[in-house]
Ligand code: FES
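Residue numbers (this note's numbering): 217 to 473.
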């Protein structure tokens, strides 16, 4: 006889316990776990469980979410110790002892909501937009690209700024100023865009003390990315380009623009 599906086995229990880390800075000296019992529904994701708690048990529980479909990047949390989008994480897939905590490496504002100001500053620092002084005006038509030109940056352009890679990165945990995986990957994405002329400007930032050379190439950023962006490889490529640029400036200063 065919073995019953894991979800059907769980549904027989009808209820699961979920531990959610809570923290109210005005009241609590440190974060603590609260346990809630919730009814299990078929194909329930972790965000559904949080919404059930908020609607039915504890209206003060605070967390971020918006699109519910892995696009806005706002629902990141540590689920059973791993950085995940709660809207895409099926309870069936994470085991019985479900714990939800705020993303690691970020200061907690309240419960699962973390302070992302430092990430927003780092993101802006790498200028993740097209820089092109000579771009033709829109009235003169689109700036077309070939499929091959798009392929050069497409993977890195899938980033949704969910910051799971920061939560997973050991260097972010020890070096506050490290620019970090997503911002560096986006810098690489714009450098590779045929419409862009800002590579040299960005390299000054990404090859600085806070930039790519801080990366120890553990690769956790790439393994947790829900969109298959590969910050680890983007960072290694930026290291190579930055090093070649430095060598050129040292050996051929007159010829480097
Ligand atoms: Fe938008 Fe999860 S709610 S990515």
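Think of the CB as a built atom: it goes at the ideal place given N, C-alpha and C, for glycine as much as any other residue. All values reported here derive from a predicted model rather than from experimental measurement.
Notebook entry, point to check: Listed in chain order, which residues are found with a beta carbon closer than 7 Å to a heavy atom of the ligand FES?
Noted result: 263, 281, 282, 283, 284, 285, 286, 287, 288, 289, 290, 291, 301, 302, 303, 304, 376, 378
Check: Buried or exposed: which applies to residue 412, given that a residue is buried once 16 or more other Cβ atoms fall within 10 Å of its Cβ?
Finding: buried
Notebook entry, point to check: With 16 other CB atoms within 10 Å as the buried threshold, where does residue 240 fall?
Noted result: exposed
Notebook entry, point to check: When the Cα atoms are used, what is the spatial distance from residue 452 to residue 427?
Noted result: 11 Å
Item checked: Pair within 9 Å by beta-carbon distance, residue 313 and residue 294 -> no
Check: Is the beta carbon of residue 246 sitting closer than 9 Å to the one on residue 234?
Finding: no
Margin query: For the alpha helix (DSSP H) containing residue 335, name the first residue and the last one.
Written below: 333-341
Note to self: Suppose you measure from the CA of residue 433 to the CA of residue 315; what does that come to, to the nearest Å?
What the structure shows: 28 Å
Check: Distance, Cα to Cα, residue 220 vs residue 253?
Finding: Bear in mind that a pLDDT of 49 at residue 220, under 50, signals an unreliable position, so the number given afterwards is only what the model happens to contain. Their backbone Cα atoms lie some 24 Å apart in a straight line.
Next item on the list: Pull up the CB-CB distance for residue 302 and residue 360, whole angstroms please, since I reckon it's below 8 Å.
Entry: Not a contact, Cβ separation roughly 39 Å.
Next item on the list: Starting from the C-beta of residue 358, find all residues in its chain whose C-beta is less than 6 Å away, skip the five residues before and the five after it, and write them out in chain order.
Entry: none
Next item on the list: Please classify residue 393: is it buried, with 16 or more other beta-carbons within 10 angstroms of its beta-carbon, or exposed?
Entry: exposed
Check: Using DSSP with H/G/I as helix, E/B as strand and the rest coil, what is residue 262?
Finding: helix
Checklist line | Rounded C-alpha distance that separates residue 389 from residue 354 | finding: 43 Å
Margin query: If we require 4 or more residues per run, which alpha helix (DSSP H) segments fall completely within the stretch 379-443?
Written below: 380-384, 386-390, 397-407, 415-422, 436-440
Next item on the list: Please name the residue or residues paired with residue 317 in a DSSP beta bridge.
Entry: 294
Margin query: Give me the residue from 318, 450, 425, 255 with the minimum Cα distance to residue 403.
Written below: 450
Check: According to the Cβ coordinates, are residue 338 and residue 418 closer than 9 Å?
Finding: no
Item checked: Buried or exposed (CB count within 10 angstroms, at least 16 for buried), residue 311 -> exposed
Checklist line | With 16 other Cβ atoms within 10 Å as the buried cut-off, status of residue 322 | finding: buried
Notebook entry, point to check: With 16 as the cutoff for other CB atoms within 10 Å, does residue 349 come out buried or exposed?
Noted result: exposed
Check: For residue 335 versus residue 379, is the C-beta spacing smaller than 9 Å?
Finding: yes
Next item on the list: List the whole-angstrom C-beta distance separating residue 387 from residue 441, where the pair is believed to meet the contact cut-off of C-beta under 8 Å.
Entry: No, residue 387 and residue 441 are not in contact; Cβ-Cβ is about 16 Å, not under 8 Å.
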